[in-house]
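Working notes, structure below.
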Amino acid sequence: MSRNISTRKFWFGQARNMATVSICSILLSVVSVYLATKGFTPSDRLVVLWLSALLPATVCPFAMTYAGFQNQRLHRLHQQVHHLANSDDLTGLANRRCFHREAALNVSDAVHEGRRTALMVADIDWFKQVNDTHGHEAGDETLCHVANTLTRIAPEGALVARLGGEEFAILWEYDDAADVGHLAEALRRGVEATRFYYHGETISVTISLGLSITRTGDTLSTLLKRADAALYEAKSHGRNRSELAA
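Take 1 as the starting number for the sequence shown in UniProt numbering and just add one per residue.
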C-alpha cells in the first residue's frame, strides 16, 4: 500500500483484521491524494478515510453506507484529477502530455508487432487572423469546432489530441496506404465545410496536414519529425492541403 501511495498517489483495497477470532472485521481503506480544486482547502488535499466495522453490518449498517458513499466520492475525485491531467481544457481532446505518453507506447508496439500506424499533424490556417478579426472567444469557438470535426471523422480507436495553440494530431492504425491519403482528404474537406456563426458573422477556416507512416525502427520522435516536415511542405505549397512524408 505504501509503495502505491508514494508512486501512484492512489490505493484502494480491503484488509482483513483477524485479531478477533470470533469476528472477522472488514477494514475498508481508501487513500487518495488529489488536487485542491473547486474550493478545496490545502488541508483537504490529503484525504484519508479509515473505517473499521468491528460490529456486524446488521448492527451498524449506517457505517457501511457511509463508507460506500465516501468511496464513491473519492473515486469520482480521482477520475476528475485524471481527466484534468490528460485532457485539453478547451476542447476536451487528449492534451500534449497524454498524447506523447500514449502515442509513444502505441508506436513502439506497432513497430515491434508490424502493425501499420499513421500520424497526422495539422495546423489551422491563418488562425491568428481569426483572433485578430473576431477576438479570442471566436478563436476558442473555432478550435472547438475543428476538434469536433476531427473527432467525428477520425477512425474508431484513433488517438485525437490538441498539441497546443492551433495544432492537432491524430494517430491511428490503417490497412492500406491509400487509406491514409483518403482520410487526410476527408479531414481537410470536413474542416473546410464547417461553418459557424459568432455574433452574427460567419466564420470558416481550413487546415494544413502533414502525414507520416511507421517504418522499421521508428519511434514517436522520428514519426513526428517526418510529419512536421510534411506539414511544412503543405504550408509552403499554399495551405489547405495535405502532404505525406516521403
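Glycine residues also receive a C-beta, built at the ideal position from the N, C-alpha and C atoms.
Since the model is a prediction, treat every value here as computed from it, not as a measurement.
Three-state secondary structure assigned by DSSP to residue i
i      : result
VAL205 : coil
LEU244 : strand
GLY210 : strand
ARG239 : coil
Whole-angstrom distance between residue j and residue i, CA atom to CA atom
i      : j      : result
ASN86  : GLU243 : 29 Å
HIS100 : LEU220 : 8 Å
PRO155 : ALA246 : 23 Å
HIS182 : GLY164 : 25 Å
ALA227 : ALA177 : 15 Å
LEU119 : TYR232 : 15 Å
ASP88  : ASN148 : 13 Å
ALA184 : ARG152 : 13 Å
ILE170 : GLU201 : 30 Å
GLY238 : THR206 : 11 Å
SER108 : HIS134 : 42 Å
LYS235 : ASP125 : 8 Å
ALA110 : GLU166 : 28 Å
PHE168 : VAL121 : 6 Å
HIS112 : ALA104 : 12 Å
ARG73  : GLU102 : 28 Å
ALA230 : CYS144 : 24 Å
LEU187 : ARG76  : 35 Å
GLU192 : SER204 : 7 Å
ASP175 : ASP218 : 18 Å
PHE127 : VAL146 : 12 Å
GLU173 : LEU150 : 16 Å
CYS98  : ASP132 : 30 Å
ARG189 : GLY114 : 31 Å
Residue range of the beta strand (DSSP E) that includes residue i
i      : result
THR117 : 117-124
LEU171 : 167-173
ALA161 : 159-164
Integer-rounded CB distance, given that residue j should sit under 8 Å from residue i
i      : j      : result
VAL160 : THR142 : Not quite, the Cβ-Cβ distance comes to about 17 Å (not below 8 Å), so this is no contact.
VAL180 : LEU223 : Contact doesn't hold; Cβ gap of about 13 Å is too wide.
LEU90  : ASP140 : 6 Å
ARG241 : SER208 : 6 Å
TRP138 : TYR198 : Residue identity check: residue 138 is Ala in the sequence provided, not Trp. Rounded, the Cβ-Cβ distance is 5 Å, consistent with contact.
THR214 : THR117 : 5 Å
Span of the alpha helix (DSSP H) around residue i
i      : result
SER108 : 96-113
ARG226 : 220-236
ARG188 : 177-193
ASP132 : 127-134
Any non-hydrogen atom of the ligand PLP within 8 Å of residue i CB
i      : result
LEU231 : This structure simply doesn't include the ligand PLP, nor any ligand for that matter.
Cutoff 9 Å: residue i Cβ touching any chain C Cβ
i     : result
GLN72 : The structure shown has no chain C; it contains just one protein chain.
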